[in-house]
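Read through the structure below, which is laid out as structure tokens, and then see the notes.
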Amino acid sequence: MMKKYPLIKIVRGKKYYLKLTPAQRYQHFILMTTFIFLILTGFPLKFHYYPWAKVMINMFGGLQVTTVIHRICGVTMVGLFFFHWYYLFRNLYVYYIRPSIRSNSFSFKGLFKFIYHSPMFPRGKDLKDVVDFLKYAFFITDEKPKHERFHWREKFDYWAVFWGIPLLGLTGLILWFETEATKILPGWALNISFIAHSDEALLAASVILIWHMYNAHVNYDKFPMSPLFLTGYLPEEIMKHEYYLEWQRLNELAEKHPELVLDIDTYKIKKEREMEEQYKAYMEYLDVEIKKDTNEA
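Converting from the sequence shown to the working numbering requires adding 619 to each position, the first position being numbered 1.
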């Protein structure tokens, strides 16, 4: 991964730091896309008797088409949820289990320690960061908490998905196959499913549109939009301001391993020179071949 995706890229003298790998960006894109379409189709279906909902439903092609789109997006999101579990266990196997077994150093204590120190796992430091943030917000201190690769607000967004999607998926499945569901479950399960599904969707939409959008994009240091979800990299000013410890760690790694840094400008100049040399060599070859053909003639 490090060879293909450098930890630090330098473009026009400006540093950009890797924060999301391509696999993580692709998963985020699928989650973002399905979530948007679920919101745009779900609430019009619930409030279909209002004029604005009828406009939305007609925009998607009618009630039946809107329902199909909603279900396709729901199945895709649940599928992504299971894929992400596979992604987590695969990384756990590749980066700890397999190397530790090969070196005869595997232990459950080491396994739990590896999981605990993974970037998205909640730790004691996150609680300390929340306290430090409150102190900063209420002017008790002038020093902001120094974050690692992911701070507590991002972890809140991340782990909310782990209880939101199962709840939405299960209740959505019951509402989708209500006849079959009532053969197993009592009738009141449909009512609970309808309430839980719509209320959880409203909560998720509120959290994403207010909490997540502000922290990820509208915040004063990232406005109007963070490039992270598009490129996977953050510019140095945001990285240093928002993730100081991660910025420090990546710089220390870059000093020890310069090959992890890619200077795009130098790389382009090098490639241009190589192409020029290849072009000159090819022209010299053609010139020799032309003279040879001329002499033979």
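Beta carbons: idealized from backbone N, C-alpha and C, even for Gly. These numbers come from a predicted model, not from an experiment.
- Our two residues, Y777 and M894, have alpha carbons roughly 45 Å apart in a direct line.
- A direct Cα-Cα distance of roughly 14 Å separates Y668 from T660.
- By the neighbour-count criterion, in which 16 or more other beta carbons inside 10 Å mark a residue as buried, T790 falls on the buried side.
- Cβ neighbours of H831 within its own chain (closer than 8 Å, five residues either side excluded): D776.
- Taking a 10 Å sphere around the C-beta of P625, we find 16 or more other C-beta atoms and assign the residue as buried.
- Put simply, the backbone Cα of L707 is about 58 Å away from that of D906.
- Taking the Cα of S825 as reference, the smallest distance to any Cα among E878, I655, I909, I759 is reached at I655.
- I649 is the residue among K732, I649, F842, T850 whose C-alpha sits nearest the C-alpha of C692.
- Annotation for Y635: the continuous beta strand (DSSP E) segment containing it runs 633 to 637.
- The Cβ-Cβ distance between L847 and A820 does not fall below 8 Å.
- The continuous stretches of beta strand (DSSP E) do not include D745, which lies in the alpha helix (DSSP H) extending over residues 743 to 756.
- In the same chain as F752, and ignoring 5 residues on each side of it, the C-beta atoms closer than 6 Å to its own belong to P764, in chain order.
- Apart from the 5 residues on each side of it in sequence, M739 sits with its Cβ closer than 7 Å to the Cβ of F769, K774, Y777 in its chain, given in chain order.
- Positions of the alpha helix (DSSP H) runs, each at least 4 residues long and wholly inside the region 640 to 727, are given as 641 to 665, 670 to 678, 682 to 711, 717 to 721 in order along the chain.
- Here the region 846 to 862 lies against the region 639 to 649, with 3 or more beta-carbon pairs under 8 Å apart.
- Approximately 5 Å separates the beta-carbon atoms of E767 and E865; this is inside 8 Å, confirming the contact.
- Per the DSSP secondary-structure output, K628 pairs in a beta bridge with Y635, L881.
- Inter-residue distance for K802 and A808 is about 11 Å (C-alpha atoms, whole angstroms).
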